[in-house]
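Once you know that position 282 of the sequence shown is 309 in our numbering, the rest is easy, because the numbers rise by one and skip nothing.
Backbone N, C-alpha and C define an ideal beta-carbon position, used for all residues, glycine too.
Encoded as C-alpha cells, the structure appears first; notes follow it.
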Amino acid sequence: MTGISEKEKQYYIQTYKRLPIDISHGEGVHLITKDGTRYLDFFCGIGVNALGHANKKIIAAIHNQVEKFSHLSNYFISDVQIEFAEKLLKHTRMKKLFLTNSGTETVEAALKAVRKKKGSEGIIYSMSGSFHGRTYGALSLTDQVNYKKDFEPLLPNIGSIKFNDVSDLRKKINENTSAVFLEFIQGEGGINVVSEEFVSVLMELHSKYKFVLVADSVQSGLGRTGKPFAFNHYNVEPDIVLVAKSIGGGLPLGAMLVNEDLENVFSYGTHGTTFGGNPVSCAAGKVVLEEVFENGLLESVKNLGNYILSELNNFANLFPSFVKEVRGKGFMIGIEMFSDCYKIIELLMKRKVLVNCTNKKVLRILPPLITTKNDIDFFLYNFHEVLKKQ
Ligand SMILES: Cc1ncc(COP(=O)(O)O)c(C=O)c1O
C-alpha cells in the first residue's frame with residue numbers, strides 16, 4: 028500500500044481519511060485485497076452497493092447499454108431512462124421525477140422546486156443533526172456545525188427544528204413555513220429514528236399550513252429499512268421524495284420524485300443537468316429496482332433486519348458498559364457506544380469485517396441488501412469477540 032498511499036497524498040486534495048486496505052476487487056458482500064484477504068463489507072460504499080459488488084445482472088445491464096450509447100444529452104429521450112423512471116414511479120407511487128447524479132443534487136433540485144412553488148420569503152426547515160449534502164443549498168440545510176463552519180454565508184431563510192422535539196416543531200411551524208426537509212432515519216447524524224409522535228404532529232401541521240414536506244431518503248431509501256422508504260414506517264405521504272446512493276447500483280444517479288401538486292413546478296429551461304439520468308446508470312438502476320421490489324430482496328431485509336437488531340440488542344444487555352443503545356430499522360443500524368468507535372472499527376478490521384463510524388460514537392452498519400444470515404452471524408460473532416476482549 029506504501030507507494031499508492033504516498034501518491035494519493037501527493038496528488039489528491041486531502042479531504043478523505045482513507046482506510047489502509049488495498050482493494051483488488053469485490054465479490055458480493057466481500058471486498059478482496061491485492062494479497063487475497065477477504066473482508067465482509069458491512070459499510071457497502073456508505074449505503075450505495077445494495078446488490079453487493081460485481082453483481083452479474085448489473086454488469087450485464089451496463090455492458091448492454093454501453094454497447095448502444097453511454098451518454099445522450101437530455102435533448103434526446105432514451106428508452107432506458109424512461110423505463111427506469113416508469114419503474115421507480117410505480118414503486119414509489121409518486122407522480123413525476125427529475126433525475127440527477129447524486130444525493131446533494133436531488134436536494135438542490137428540491138430546494139429550487141420549493142422556492143419556485145412557494146416564493147423566497149418563507150422559511151425552509153431542516154432538523155438538528157441532519158445531513159443533506161455539501162453543495163451550497165444542501166449545506167445550508169445540513170444542520171451540523173462541523174460541515175458548515177468556514178463556508179458562510181449560506182442560503183437565507185433556512186431554519187432548524189430540534190429533531191424529535193414536538194414543542195420546538197409547534198413553536199416554529201406556521202403560515203410562513205415553505206418546506207420541511209426530514210430524514211425519517213438520520214444517517215450521518217447517527218442513525219436517529221424519528222418518533223411517531225413527532226411525525227404525527229408534523230402531519231397535523233402539514234395539513235394546516237400546507238408546507239412542502241420533503242423526505243430525504245437518500246440514505247434510508249430503496250429497501251434499506253425493510254420498507255421501500257424509511258417514511259413508509261409511518262402514515263405519511265411526502266410531497267417530495269429524494270433518492271440517490273443505492274439507486275444507480277454503484278453508478279452515479281439520483282432522483283427527485285414529486286406528487287401531483289408539484290408535477291409542473293419546473294418548465295423548459297428552469298432546471299437541468301448534463302449528466303443527470305445517465306443511460307448507463309439508469310440501466311443499472313433498473314436492475315436494482317427489479318431485485319429490491321420484484322425479486323424478494325425487500326422481504327429478506329425485513330426478516331434479517333429484525334434478526335440482526337434483536338441480536339444486537341442482546342449485546343447491549345451483555346456489554347452495558349460499552350454499548351449505550353442500538354437504533355435503526357432493517358439494514359440501517361446504529362450502535363451507539365459510550366466512547367469513540369474508531370478502536371472498535373480497527374479491531375473489527377483485523378477480524379476482516381468492515382463497518383463505519385458516524386458522529387464519533389455510533390457504529391454504522393449498512394450491509395448490502397443481499398446479505399445472508401451466515402454473513403450476519405459472521406459479523407455478530409466477530410463483534411461479540413471484540414467486545415468480550417475490551
Ligand atoms: C440523507 C442524505 N442526503 C443527502 C446526501 C448527499 O448525498 P451525496 O453524497 O450523494 O451528494 C447524503 C449523503 O450521505 C445523505 O445521507
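query                                                                                                                                                                    : result
Measuring alpha carbon to alpha carbon, tell me which of Ile48, Ile86, Ile218 and Leu58 ends up nearest glycine 361.                                                     : Ile218
Select from Asn286, Glu363 and Val56 the residue whose C-alpha is nearest the C-alpha of lysine 122.                                                                     : Asn286
Note down, in chain order, each residue of its chain lying with its Cβ closer than 8 Å to the Cβ of threonine 162, except the 5 sequence neighbours on either side.      : Thr131, Glu132, Val134 and Glu135
Which residue comes first and which comes last in the alpha helix (DSSP H) that contains tyrosine 236?                                                                   : 223-236
CB of glycine 253 to nearest heavy atom of ligand 1: below 7 Å?                                                                                                          : no
Specify, as a first and last residue, the run of the alpha helix (DSSP H) that threonine 133 falls within.                                                               : 130-145
Is the CB-CB distance between valine 270 and glycine 281 below 8 Å?                                                                                                      : yes
I'd like to know whether the C-beta atoms of proline 265 and valine 241 end up nearer to each other than 8 Å.                                                            : yes
Where does cysteine 384 sit, in a helix, a strand or coil, going by DSSP?                                                                                                : strand
By the 10 Å Cβ neighbour count, where 16 or more other Cβ atoms means buried, how is leucine 289 classified, buried or exposed?                                          : buried
Take every Cβ of the segment 309-320, pair it with every Cβ of the segment 335-345, and state whether three or more of those distances are shorter than 8 Å.             : no
Please state if the CB of leucine 249 and the CB of valine 307 are separated by a distance shorter than 8 Å.                                                             : no
Do phenylalanine 125 and arginine 251 have their beta-carbon atoms positioned less than 8 Å apart in this structure?                                                     : no
Looking at the strands, I want to know which residues DSSP matches up with alanine 257.                                                                                  : Beta-bridge pairing links alanine 257 to no other residue.
Is the separation between the beta-carbon of proline 394 and that of aspartate 402 shorter than 8 Å?                                                                     : yes
For leucine 181, which residues from the same chain have a beta carbon less than 7 Å from its beta carbon, with the 5 sequence-adjacent residues on both sides left out? : Tyr163, Leu166, Ser167 and Lys175
Within a Cβ cutoff of 7 Å, which residues of the same chain sit near threonine 64, ignoring the five residues on either side of it in sequence?                          : Lys379
Grab me the residues of asparagine 232's own chain with a C-beta within less than 6 Å of its C-beta, minus the 5 sequence neighbours each way, in chain order.           : Per the sequence shown, the amino acid found at residue 232 is leucine instead of asparagine. Cβ within range, chain order: Ile200.
Does the beta carbon of aspartate 177 fall short of 7 Å from some heavy atom of ligand 1?                                                                                : no
Could you pull out every residue in the same chain whose Cβ sits closer than 6 Å to the Cβ of glycine 275, ignoring the five residues on either side in sequence?        : Ser308, Ala311 and Gly312
In the structure shown, what three-state DSSP assignment does glycine 53 receive?                                                                                        : strand
Pull up the distance between the alpha-carbon of serine 153 and that of glycine 30, whole angstroms please.                                                              : 43 Å
Under three-state DSSP, which class holds glutamate 118?                                                                                                                 : Going by the sequence as given, residue 118 is histidine instead of glutamate. In this structure, histidine 118 counts as helix in the three-state DSSP scheme.
Rounded to the nearest angstrom, what separates arginine 45 and tyrosine 39 at their Cα positions?                                                                       : 11 Å
Just to check my reading of the structure: valine 75 and isoleucine 397 have Cβ atoms closer than 8 Å, yes? What is that Cβ distance to the nearest angstrom?            : So it is not a contact: roughly 13 Å between Cβ atoms.
Roughly how many whole angstroms lie between the Cα atoms of lysine 143 and valine 292?                                                                                  : 7 Å
I'd like the ranges of any beta strand (DSSP E) spanning at least 3 consecutive residues and lying wholly in the segment 388-415.                                        : 389-392
Is it buried or exposed for histidine 98, if we count other Cβ within 10 angstroms and need 16 for buried?                                                               : exposed
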